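Comments concern the structure below.
Right, here's the structure in full:
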């Protein structure tokens, strides 16, 4: 395979209002309901670039990260344990969040040791990983994700 399989953009995320609605859903509905059901535990982490960072640790080892400005969620990332780090799942960032997602990914590398892409990427995900591959502070290599059926990227600090 020459490239990671590209998937279509996620419906409903074509404009800033749709992205914010999606982030709000993950914060106010999904994560909140999992916490109420005892399936996730909320953890306040250190602030990052002026945003509160809240992680919901799920019972199955997965986690949801939220970056907050006051009471408003501005970004959401779902991750799961993978080999010597974490693998990216769903990602959303509000247009007015005030940072690049590639910088947040670098923070996740610092937190976890290694960051893995998904085996498929939206055009937005592909753009983030293109920036990471060009970053002189990172080692980004192609890795097998599905036993030879698909591959992705692994990013670590140099």
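Numbering (the numbering used here), first residue to last: 1484 to 1641.
Even glycine gets a Cβ: it sits at the ideal position worked out from N, Cα and C.
For clarity, every value in this text was computed on a predicted model and none was experimentally measured.
Assigned secondary structure, residue i (DSSP; H/G/I helix, E/B strand, else coil)
i	result
residue 1597	coil
residue 1484	Any reading at residue 1484 must be qualified, since the residue scores a pLDDT of 40, below 50, and its modelled position is unreliable; no value is offered.
residue 1677	As displayed, the chain neither begins before 1484 nor continues past 1641, which places residue 1677 out of reach and without an answer.
residue 1609	helix
residue 1582	coil
residue 1499	helix
6 Å CB neighbourhood of residue i in its chain, flanking five on each side removed
i	result
residue 1509	1559
residue 1595	1568 and 1569
residue 1622	1639 and 1641
Same chain, Cβ closer than 8 Å to residue i, neighbours up to 5 away in sequence not counted
i	result
residue 1484	Confidence in residue 1484 is poor, its pLDDT being 40 and thus under 50, which makes the residue's placement unreliable; the coordinate value appears in the next sentence. Within the same chain, residue 1484 has close Cβ partners 1633 and 1634.
residue 1488	1602, 1603, 1604 and 1633
residue 1593	1640
residue 1531	1550, 1587 and 1590
Burial state of residue i, where buried means 16 or more other Cβ atoms lie within 10 Å
i	result
residue 1601	buried
residue 1528	exposed
residue 1583	exposed
CB contact flag (residue i, residue j, <7 Å)
i	j	result
residue 1580	residue 1503	no
residue 1539	residue 1523	yes
Runs of alpha helix (DSSP H) wholly within the region 1510-1591 (minimum 4 residues, chain order): 1515-1519
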